[in-house]
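Asks: Below is one structure. I have some questions about it.
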Amino acid sequence: MMSRAMEQLLGSLVSDLCRSKLVAQGAYGSIKIHRLVVASQEPRKDLPKSARRGFDSLILLVIWTVWKERNERVFRLRAAMRWVVVDRIKDEALRWLNMDH
């Protein structure tokens, strides 16, 4: 079972991602990965050191999922809706978290 703190963190991260220009406008072709990493540093500082590794994994998951969606759009001319990408991130994050327990 996912800890309450990680559940809130995941919800917050996904909510922020939904509101971001990156997903809202489907700007996968112009991804600035460093912007996502830099934006994640402030919330990371507020976490206890023991939770930072999991948070870093979550950031990598978001980057990887968005990158895969970008590749689908560029190379296969298939575009998922924003909520589908967000659901993929949530589902995969839950799988990762459940593997730890």
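For what it's worth, the working numbering labels the leading residue of the sequence shown as 402, then goes sequentially. Cβ coordinates follow ideal geometry from the N, Cα and C atoms, glycine included.
1) Check for me: the alpha helix (DSSP H) holding Arg454 runs from which residue to which?
2) By DSSP, does Arg479 sit in helix, in strand, or in coil?
3) Using beta-carbon positions only, say whether Val486 and Glu470 come within less than 7 Å of one another.
4) According to DSSP, is Ala425 helix, strand or coil?
5) What three-state label does DSSP hand Asp447 in the structure shown?
6) Am I right that Leu462 and Ile490 are in contact with their C-beta atoms under 8 Å? What's the rounded C-beta distance?
Replies: Quick look at the numbers:
1) 450 to 476
2) coil
3) yes
4) Any reading at Ala425 must be qualified, since the residue scores a pLDDT of 47, below 50, and its modelled position is unreliable; the value itself is stated next. DSSP places Ala425 in helix when its eight states are reduced to three.
5) coil
6) 6 Å
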